[in-house]
Amino acid sequence: MRQPRVTMLARQEFVYPDHIRWESDSDIPGQVVAEFAGRLCYLSFGEDAGLEGGHKTIQGRTSNEDYLGNILKVKHGSVLEHAVWSLLLEGVSRALTHELVRHRAGFGFSQLSQRYVDESEIGFVLPPEIQEGTSAYDLWVNACQASLDSYRDLLVTLTGQIGEDGAATMRKKRARQAARSVLPNAAETKIVVTGNARAWRHFIEMRGSASADVEIRRLAVSVLHVLRNEAPNMFGDLTIASQPDGTEVVETVFSKV
18 MRQPRVTMLA RQEFVYPDHI RWESDSDIPG QVVAEFAGRL CYLSFGEDAG LEGGHKTIQG
78 RTSNEDYLGN ILKVKHGSVL EHAVWSLLLE GVSRALTHEL VRHRAGFGFS QLSQRYVDES
138 EIGFVLPPEI QEGTSAYDLW VNACQASLDS YRDLLVTLTG QIGEDGAATM RKKRARQAAR
198 SVLPNAAETK IVVTGNARAW RHFIEMRGSA SADVEIRRLA VSVLHVLRNE APNMFGDLTI
258 ASQPDGTEVV ETVFSKV
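All residue numbers for the sequence shown refer to this note's numbering, where the first residue is 18 and numbers rise by one.
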């Protein structure tokens, strides 16, 4: 029974413009690019920034933490869209990813293909509401095993029916795309997700709420752990609280930035 795993895959690099005399006190590229974008809106790089075109600049807030803290407070969320991270999500169900990929704005997705990949040894993600050692667990395990057995049988039968007609890769796809129809929503999958800070915040806030599905809420909490460690000035206001049932939820004072 698979457990969710969140792995940082990629973060961006910030390149300071040679013609602007300004430097952030943060060494986290995502935080710096958002700060730069915000300062550009109001020309708050400091009085000696040396911008071309005769524009004068003001000092404004000096620290990245204070600057981004104010961005969150006034909900100037557009500057957060310049900060981007790519995460690898594993040990999640296809039921979860059906909800995940609905978050279109600010995200890009690349998911394991059941058409191309042989799922004969697939794992399944146990819903948090089902406890091991219960009758519900036994029913769930039996249902998953029955679907996997049907998948394997269908794959063998369809492969035989298709025979040698067409290229080998296409023959495999034809068999697997039909056989996968019997696999349940609990089938484990893997997906690479790239999103900007504003999109990640929206996902974490929406899917980390008490009303969200428990599995995707668990993922939202895991994503928050990774991104809060990666960029605390952008995600530090998002906190994790325990529920009476033992699950966790995400809370924030800066909603819908």
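Don't be surprised by glycine CBs; every beta carbon is placed ideally from N, CA and C.
Please read these numbers as outputs of a predicted model, since none were measured by experiment.
Local Cβ density within 10 Å of residue i, reported as buried at 16 or more and exposed below that
i, result
"C16", "Limits of the chain in this structure are 18 at one end and 274 at the other, which puts residue 16 out of reach."
"D35", "exposed"
"A203", "buried"
"L244", "buried"
"Y168", "buried"
"A239", "One point to set straight first is that residue 239 is Ser, not Ala, in the sequence displayed. The residue in question, S239, is buried, as its Cβ has 16 or more Cβ neighbours within 10 Å."
"M25", "exposed"
"S41", "buried"
"H242", "exposed"
"V23", "buried"
"D65", "exposed"
"G94", "buried"
"D254", "buried"
"L117", "buried"
"N87", "exposed"
"A100", "buried"
"L89", "buried"
"Q260", "exposed"
"V270", "exposed"
"Q148", "exposed"
"T151", "exposed"
"Q76", "exposed"
"G183", "exposed"
"E146", "exposed"
"V109", "buried"
"T186", "exposed"
"V91", "exposed"
"A51", "buried"
"S43", "buried"
"E14", "Given a span of 18 to 274 for the chain in the structure shown, any question on residue 14 remains unanswerable."
"Q131", "buried"
"H115", "exposed"
"L192", "For the record, residue 192 in the displayed sequence is Ala; it is not Leu. Its Cβ being crowded by 16 or more others within 10 Å, A192 is buried."
For residue i, the three-state DSSP class (helix, strand or coil)
i, result
"I37", "coil"
"G94", "helix"
"E181", "coil"
"N246", "helix"
"T211", "strand"
"V101", "strand"
"D276", "This structure leaves residue 276 out entirely; the chain is present only between 18 and 274."
"L200", "coil"
"F271", "coil"
"R78", "coil"
"L60", "coil"
"G55", "helix"
"A227", "coil"
"L175", "helix"
"S239", "helix"
"L68", "coil"
Beta-bridge partners of residue i, as assigned by DSSP
i, result
"V49", "In the DSSP output, where bridge partners are listed per residue, V49 has none listed."
"R22", "E107"
"S259", "E265"
"P205", "Inspection of the sequence shows that residue 205 is occupied by Glu rather than by Pro. DSSP lists S110 as partners of E205."
"A27", "S103"
Supposed close pair residue i, residue j - CB separation, criterion 8 Å
i, j, result
"R215", "V266", "Wrong, their Cβ atoms sit about 21 Å apart, outside the cutoff."
"V96", "G55", "4 Å"
"L19", "V142", "What sits at residue 19 in the sequence shown is Arg, not Leu. With a Cβ gap of about 5 Å, R19 and V142 count as contacting."
"R197", "E136", "6 Å"
"T256", "E268", "5 Å"
"L236", "L156", "About 24 Å; that fails the 8 Å criterion."
"N213", "L85", "The pair is not a contact, with the Cβ atoms about 14 Å apart (cut-off 8 Å)."
"W102", "W217", "7 Å"
Practice problem: Please go through the region 118 to 172 and give each complete beta strand (DSSP E) segment of 3 or more residues, from N-terminal end onward. | Solution: 124 to 128
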